[in-house]
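Take a look at the structure set out below.
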Amino acid sequence: MTHEAGDDEKRIESIKGHKEANARRIDQLIDVVEKHTRTERHLEQNLGMSNIKDVKHTLKVQEDREHEIENLKNIIAYGKHDDDDEMKNLTRNYTFTDNYLDHYENRMDTATLENTREKQENRKIQIESLKKH
Numbered sequence: 012m013t014h015e016a017g018d019d020e021k022r023i024e025s026i027k028g029h030k031e032a033n034a035r036r037i038d039q040l041i042d043v044v045e046k047h048t049r050t051e052r053h054l055e056q057n058l059g060m061s062n063i064k065d066v067k068h069t070l071k072v073q074e075d076r077e078h079e080i081e082n083l084k085n086i087i088a089y090g091k092h093d094d095d096d097e098m099k100n101l102t103r104n105y106t107f108t109d110n111y112l113d114h115y116e117n118r119m120d121t122a123t124l125e126n127t128r129e130k131q132e133n134r135k136i137q138i139e140s141l142k143k144h
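Quick note: the sequence shown uses the numbering used here, first residue 12, plus one each step.
Take a look at the structure:
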């Protein structure tokens, strides 16, 4: 297999993986929208009968669903998460991996260790880039 053929194969697999991921995201989006709609109807029909604590909780759940809907739309349409989520995830993953390396670095094989360090460096660059924007 030539180098170009390997690159083409990787691109095809990447596109296939992207399509499969988007299909799952669309299914998830449909599910969240349906739950949001059912809850909205339930609120309209039973608002007078519900206690205030339950209503507040339901409104919070609805707000979370609305945020999830927007985030899924952004991922499907533009291929990216909300910047806040991205920063939070990058920071969490960076911290977790840093702690993992502190404890298990001596037990990791060389290739995995180098790969993990490279990923950490990439995360650090992404975090700094997001902070600038």
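By construction, the Cβ of each residue, glycine as well, lies at the ideal position given by its N, Cα and C atoms.
When you compare only the Cα positions, how much space is there between residue i and residue j?
i    : j   : result
D136 : G59 : Sequence check: residue 136 is Ile here, not Asp. Rounded to the nearest angstrom, the two C-alpha atoms are 52 Å apart.
E79  : L54 : 20 Å
Y155 : N33 : The chain is shown only over 12 to 144; residue 155 falls outside these bounds and no answer can be derived.
So, with DSSP's three-state summary, where would you put residue i?
i    : result
K91  : coil
S145 : Given that the chain is displayed from residue 12 to residue 144, the structure contains no residue 145 and the question cannot be resolved.
M98  : helix
D120 : coil
Tell me whether the beta-carbon of residue i lies closer than 9 Å to the beta-carbon of residue j.
i    : j    : result
K130 : T108 : yes
T48  : T69  : no
Q134 : I86  : Residue identity differs from the one stated: residue 134 is Arg in this sequence, not Gln. Their beta carbons are not under 9 Å apart, which means R134 does not touch I86 by this criterion.
L124 : L112 : yes
E81  : L141 : no
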